[in-house]
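**Student:** Here it is: the structure, laid out below.
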Amino acid sequence: SQQGEEDPQALSIQEGENATMNCSYKTSINNLQWYRQNSGRGLVHLILIRSNEREKHSGRLRVTLDTSKKSSSLLITASRAADTASYFCAILGAQKLVFGQGTRLTINP
Amino acid sequence: DTGVSQNPRHKITKRGQNVTFRCDPISEHNRLYWYRQTLGQGPEFLTYFQNEAQLEKSRLLSDRFSAERPKGSFSTLEIQRTEQGDSAMYLCASSKVASLGGDEQFFGPGTRLTVL
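This is how it looks when you write it as structure tokens:
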């Protein structure tokens, strides 16, 4: 399976701290995408990073991709209470996304 | 709102009943996907369309499930003879084919199905 696996499964930090989530996968990829999901709602697309890219930024988000280690990380800087959500990495394989189980991030005020 | 929309947002049904969900993708998107998500898990792929053609179906999509996209715009997902194990969030996504490196998929809010 080329399912992405997130680590840690749960993360709790204080507001203002940085949060780092990791994703590992098993096969070659076209791209890797990160999504956020607030409780009981749909997924919001955060960042897509292609296999030939190593780092990408979007606002307070920074994503890295290491294809040699088959891993990616999502860094959220200066966290806010509104960042509390589940975060998923998804591997694009044969037109469909394969998701991991996600990291549940809680930002404490 | 020009995002992906899904109806209904919630559906409660009794075991054995049929249910149908609708997804309206972003208008210029030619690909449409269905995923299923159970509590505490990531979404799992069910099927996808390019225009009106259904190009792939997951083994998760038993013969009780059928999806259509008759005019290449909206799509419906029908579950016949529902079972309690069908209880889940059903997510729809759409995308526009990109030339290189794959495409971003944009998700709707989902339809939460509860089978009693």
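Top to bottom, those sequences are chains A and B.
FYI, the working numbering numbers position 71 of the first sequence as 71, with every residue one higher than the one before it.
FYI, the working numbering numbers position 57 of the second sequence as 1057, with every residue one higher than the one before it.
Just so it is clear, CB atoms sit at the ideal spot from N, CA and C, and this is done for glycine as well.
If you're wondering where the values come from, they're calculated on a predicted model, not measured in any experiment.
Measuring only between beta-carbons, confirm whether B:Pro1025 sits less than 8 Å from chain A.
**Tutor:** To locate residue 1025 of chain B, count along the second sequence from 1; it is residue 25. False, the Cβ-Cβ gap to chain A never drops below 8 Å.
**Student:** What's the C-alpha gap between B:Arg1036 and A:Ala78?
**Tutor:** Counting from one through the second sequence, the residue named residue 1036 of chain B turns up at place 36. Counting from one through the first sequence, the residue named residue 78 of chain A turns up at place 78. B:Arg1036 and A:Ala78: Cα-Cα distance of roughly 33 Å.
**Student:** List in chain order: all unbroken beta strand (DSSP E) runs of 3+ residues lying wholly within the region 1001 to 1034 of chain B.
**Tutor:** 1005 to 1007, 1010 to 1013, 1019 to 1024, all fully within the region 1001 to 1034 of chain B.
**Student:** What's the C-alpha gap between B:Lys1096 and B:Thr1111?
**Tutor:** Counting from 1 along the second sequence, the entry for residue 1096 of chain B is found at position 96. Counting from 1 along the second sequence, the entry for residue 1111 of chain B is found at position 111. Each residue's Cα considered, the two are about 22 Å apart.
**Student:** Any idea if B:Pro1043 is buried or exposed, counting beta-carbon neighbours within 10 angstroms, 16 or more meaning buried?
**Tutor:** Counting from 1 along the second sequence, the entry for residue 1043 of chain B is found at position 43. Buried is the call here.
**Student:** Count the other C-beta atoms from every protein chain shown that fall within 10 angstroms of the C-beta of A:Pro109, then say buried if there are 16 or more, exposed otherwise.
**Tutor:** Within the first sequence, numbered from 1, the residue matching residue 109 of chain A stands at position 109. By the neighbour-count rule (16 or more Cβ atoms within 10 Å), A:Pro109 is not buried but exposed.
**Student:** List, in order along the chain, the chain A residues whose C-beta lies closer than 7 Å to that of B:Gln1041?
**Tutor:** Start at 1 with the first residue of the second sequence, and residue 1041 of chain B comes out as number 41. What B:Gln1041 touches in chain A: Gln101.
**Student:** By a C-beta neighbour count over all protein chains shown, 10 Å radius and 16 as the cutoff for buried, is A:Ser86 buried or exposed?
**Tutor:** One-based indexing of the first sequence puts residue 86 of chain A at position 86. When all chains shown are included, A:Ser86 counts as buried.
**Student:** Is there a Cβ of chain A sitting closer than 8 Å to that of B:Pro1008, yes or no?
**Tutor:** Reading the second sequence from its first residue, position 8 is the one you call residue 1008 of chain B. Answer no: the Cβ-Cβ gap between B:Pro1008 and chain A never drops below 8 Å.
**Student:** Taking B:Gln1054 as the query, report the chain A residues whose CB atoms sit under 8 Å from its CB, ordered along the chain.
**Tutor:** Counted from its first residue, the second sequence places residue 1054 of chain B at position 54. Under the 8 Å cutoff, chain A gives no residues; its nearest Cβ is about 12 Å from B:Gln1054.
**Student:** Give the interface partners of B:Phe1107 over in chain A, defined as CB-CB distance under 8 Å, in chain order.
**Tutor:** As a first step, residue 1107 of chain B must be located in the second sequence, where it is residue number 107. Ordered by position in chain A, the residues that pass the 8 Å Cβ test against B:Phe1107 are Tyr35, Gly42, Leu43, Val44, His45.
**Student:** Count the other CB atoms within 10 Å of the CB of A:Ser1; is the residue buried (16 or more) or exposed (fewer)?
**Tutor:** Sequence index remark: in the first sequence, residue 1 of chain A carries index 1 (1-based). With a pLDDT of 45 at A:Ser1, under the threshold of 50, the predicted position of this residue should be treated as unreliable, though the coordinate-derived value follows. Classification of A:Ser1: exposed, given that the 10 Å Cβ count is below 16.
**Student:** Hey, out of B:Phe1074, B:Pro1109, B:Gln1006, B:His1010, whose CA is closest to B:His1029's CA?
**Tutor:** Indexing the second sequence from 1 puts residue 1029 of chain B at position 29. For the residues B:Phe1074, B:Pro1109, B:Gln1006, B:His1010, the minimum Cα distance to B:His1029 belongs to B:Phe1074.
**Student:** Assign B:Gln1084 to one of two classes, buried (16 or more other C-beta atoms within 10 Å of its C-beta) or exposed (fewer than that).
**Tutor:** For the purposes of this step, residue 1084 of chain B is taken as the residue at position 84 of the second sequence. So B:Gln1084 counts as exposed.
**Student:** Please say whether A:Leu61 and A:Ile76 have beta carbons closer to each other than 8 Å?
**Tutor:** Within the first sequence, residue 76 of chain A is the residue found at index 76, counting from 1. Within the first sequence, residue 61 of chain A is the residue found at index 61, counting from 1. The answer is yes: Cβ separation under 8 Å.
**Student:** Distance check for A:Asp83 and B:Ile1079, CA to CA, integer angstroms please.
**Tutor:** What you label residue 1079 of chain B is simply residue 79 of the second sequence in a count that begins at 1. What you label residue 83 of chain A is simply residue 83 of the first sequence in a count that begins at 1. Computed Cα separation, rounded: 35 Å.
**Student:** Please confirm whether B:Gln1048 has its beta-carbon closer than 8 Å to some beta-carbon of chain A.
**Tutor:** Here residue 1048 of chain B refers to the residue found at position 48 when the second sequence is read from its first residue. Sequence check: residue 1048 of chain B is Tyr here, not Gln. By this cut-off, B:Tyr1048 is an interface position.
**Student:** Contact criterion: CB-CB distance below 8 Å. Does B:Gln1110 meet it with respect to chain A?
**Tutor:** In the second sequence, counting from the first residue as 1, residue 1110 of chain B sits at position 110. In the sequence as presented, Gln is not what sits at residue 1110 of chain B; that position holds Gly. Chain A contact via Cβ: present.
**Student:** Where do the ends of the beta strand (DSSP E) carrying A:Val63 lie?
**Tutor:** Residue numbering aside, residue 63 of chain A sits at position 63 when the first sequence is read from its first letter. First-last of the beta strand (DSSP E) with A:Val63: 61 to 66.
**Student:** Which stretch, first to last residue, makes up the beta strand (DSSP E) that contains B:Tyr1090?
**Tutor:** The sequence position of residue 1090 of chain B within the second sequence is 90, counting from 1. Unbroken beta strand (DSSP E) run through B:Tyr1090: 1088 to 1095.
**Student:** For A:Asn22, write down the residues that DSSP places opposite it in a beta bridge.
**Tutor:** Within the first sequence, residue 22 of chain A is the residue found at index 22, counting from 1. A:Asp7, A:Ser73, per the DSSP bridge assignment.
**Student:** With 8 Å as the limit, tell me which residues of the region 79 to 106 of chain A have their beta carbon closer than that to any beta carbon of chain B; keep them in chain order.
**Tutor:** Of all residues in the region 79 to 106 of chain A, Phe88, Ala90, Leu92, Ala94, Gln95, Lys96, Leu97, Val98, Phe99, Gly100, Gln101, Gly102 have a Cβ within less than 8 Å of some Cβ in chain B.
**Student:** Between which two residues does the beta strand (DSSP E) harbouring A:Leu46 extend?
**Tutor:** To locate residue 46 of chain A, count along the first sequence from 1; it is residue 46. Element bounds for A:Leu46: 43 to 50.
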